[in-house]
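Down below is the structure, laid out as structure tokens.
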Amino acid sequence: MNTLDEFAPGGNRMPRFDDGMVNMQELIRTMAEVLVNEIMSAQADELCDSSENTRNGYRERKLTTCVGTITMRIPKLRIGSYFPDELIERYSRVDRAVVAAVAEMYATGVSTRKVERVARKLGIDKMSPSQVSRISSALDASVEDLQKRTFDGTRFPYLWLDATYVKCRTEGHVASVALVSAIAAADDGYRRVVGFDVVDAESYPSWLGFLRSLKERGVDGVACVTSDAHAGLRRAIEEVFAGAAWQRCVVHLERNVCACAKTRRARSLIGRVVASVFREEDPHLVRELYSRAIDEVGAICKSAGELLEEAEADALAYLDFPKEHRRRLRTNNVQERTNREIKRRSRVVQVFPSAASLVRLVGAVLAEQDEDWSARRYFSGPSIAKTFERREPEPKPCDVEEIARKAATIIGIAKDENVAIGKRAA
């Protein structure tokens, strides 16, 4: 006669209590987990059967149900992505974070008419402290996992750092606090959110403590760090990631150089000259253009030319890395886009009632972003492998005069375009 253990999901023994009785809740939870994963696997196979696509592993995500927490093994595809929208909401964590922040305002007595309108839009008429606690605890666990996860055995050749400011109530008054974050590209080509924190000010001690925490959790093997030119940040990078190249974001550099000019026309001309440098891809042409841009910009505004000359080595650091990576290394756009999403979601709350509520929402946004990135590579496997190879300097061009002629032509076109625009505006 067959026993119950023969019908256990996955061929495992039936879950039982210490006294030998079958644990029905655990049995139902396990069966639900097996069924959901089989459904997702079958759907992913159907997508692959109808094309030349193939499976590429899976990513795990926890889902809390009425029978307990199940682990969903969501299949990954080599081309495109798969997500079981009918089983789980893609952005549910962020929405719950907003609800928790608004509810906490009610609980702490700092609500306003505007907050009440926001709460009504979210369907919050009244919420007890116990409900706030339950929502918050579920989110806090997810955020803590993101903040404290370790990366042993993984190398991160590229790191992007930035800070954005959000208003938060601290010590009885509203203040603007700095949210610092780190995004890295791993040796498998995927992007990951490797750290974030809320600090009082974007200073050297704050950045130093943050970067040391990244190092302690296994963020190592960094070959290039991209950021803006904040003095405290740069000093911390040199101390924690000694030997790594520092790439000054060329978008921020262009803004800083243009800001030195006193007139709109001068700023426009400087912007066009500098932008023409970074539109090119040939390293020799870019370096020649940069050298000529220093002279052209210096003739328009001396301080702008000096700033451009001072930043040359750091602005062109990306040219020493594989060709496939240069466009994404030379700017901090990956951070800028993430910060815009954080700002968009935090605008609903406007002023956070506490640092904990701010961390909760930002963590939820970054957790969803990290999960989305896990479905597609940022750099291909073969190209990311080049980062760890010994980089030989590129040979000098055989026709130096031709490079110089091209550079002069490009700079001349940029100046002529600015003159033409000025005449049309007049």
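Numbering-wise (the working numbering), the sequence shown opens with residue 1320 and increments by one. We put the CB at the ideal spot given by N, CA and C, even for glycine.
Beta-ladder partner(s) of residue i, from DSSP
i	result
residue 1479	1502, 1545
residue 1393	1378
residue 1487	1494, 1671
residue 1341	1335
residue 1514	1501
residue 1474	1539
residue 1564	1543
Cβ neighbours of residue i in the same chain (closer than 6 Å, five flanking residues each side left out)
i	result
residue 1482	1497, 1499, 1521
residue 1700	1508
residue 1551	1522, 1523, 1526
residue 1370	none
residue 1336	1342
residue 1643	1702
residue 1427	Annotation note: pLDDT 47 at residue 1427 (below 50); position unreliable, no value reported.
Minimum C-alpha distance to residue i - residue among the options
i	options	result
residue 1374	1695, 1527, 1345	1695
residue 1633	1571, 1377, 1358, 1371	1571
residue 1510	1536, 1473, 1493	1473
residue 1564	1501, 1636, 1517	1636
residue 1548	1574, 1559, 1516	1574
residue 1680	1698, 1343, 1658, 1691	1658
residue 1543	1505, 1730, 1514	1505
residue 1555	1480, 1668, 1512	1480
residue 1471	1683, 1535, 1663	1535
residue 1690	1678, 1583, 1502	1502
residue 1275	1541, 1516, 1540	The requested residue 1275 does not occur in the structure, where the chain is confined to residues 1320 to 1745.
residue 1600	1492, 1591, 1585, 1726	1726
residue 1630	1660, 1358, 1553	1553
residue 1353	1337, 1334, 1372, 1390	1390
residue 1707	1368, 1476, 1467, 1357	1476
residue 1697	1512, 1368, 1339, 1357	1512
residue 1467	1670, 1538, 1484, 1478	1538
residue 1381	1348, 1647, 1334	1348
residue 1533	1492, 1654, 1478	1478
residue 1356	1678, 1566, 1378, 1583	1378
residue 1492	1670, 1730, 1723	1670
residue 1618	1586, 1655, 1656	1586
residue 1729	1648, 1686, 1598	1598
residue 1464	1723, 1687, 1721	1687
residue 1614	1376, 1514, 1721, 1731	1731
residue 1682	1540, 1578, 1459	1459
residue 1368	1339, 1398, 1340	1398
residue 1692	1358, 1484, 1531, 1653	1653
Cβ-based neighbour list, residue i, same chain, cut-off 8 Å, excluding 5 preceding and 5 following
i	result
residue 1400	1694, 1695
residue 1650	1545, 1568, 1569, 1570
residue 1596	1605, 1608, 1609, 1612
residue 1581	1620
residue 1638	1602, 1605, 1606, 1645
residue 1557	1565
residue 1723	1607
residue 1411	With a pLDDT of only 49 at residue 1411, under the threshold of 50, the placement of this residue in the model should not be trusted; the figure read from the coordinates follows. Once the five neighbours on either side are set aside, residue 1411 has no close Cβ partner at all.
residue 1578	1586
Contacts around residue i, its chain only, beta-carbon distance under 7 Å, and the 5 residues preceding and following it disregarded
i	result
residue 1576	1589, 1593, 1616, 1623, 1626, 1627
residue 1320	Only weak support exists for where residue 1320 lies, its pLDDT of 43 falling under 50; the coordinates are left without a value.
residue 1705	1641
residue 1684	1413, 1660, 1661, 1664
residue 1346	1333, 1334
residue 1678	1462, 1517
residue 1469	1536, 1537
residue 1366	1372, 1396, 1401
residue 1376	1395
residue 1541	1475, 1476, 1478, 1560, 1563
residue 1339	none
Check: Counting Cβ pairs, one atom from each stretch, are 3 or more of them under 8 Å apart for the segment 1518–1526 and the segment 1495–1508?
Finding: With contact defined as three or more Cβ pairs closer than 8 Å, the segment 1518–1526 and the segment 1495–1508 are in contact.
Note to self: Quick test of the definition: if touching needs 3 or more C-beta pairs under 8 Å, does the segment 1386–1394 touch the segment 1357–1367?
What the structure shows: Under the three-pair Cβ rule at 8 Å, the segment 1386–1394 counts as touching the segment 1357–1367.
Check: Touching or not, the segment 1477–1492 and the segment 1669–1689, by the rule of three or more beta carbon pairs under 8 Å?
Finding: The segment 1477–1492 vs the segment 1669–1689: in contact.
Item checked: Complete alpha helix (DSSP H) runs within the segment 1596–1673 (minimum length 4 residues, chain order) -> Within the segment 1596–1673, the complete alpha helix (DSSP H) runs of at least 4 residues fall at 1602–1619, 1621–1629, 1631–1634, 1645–1648, 1652–1665.
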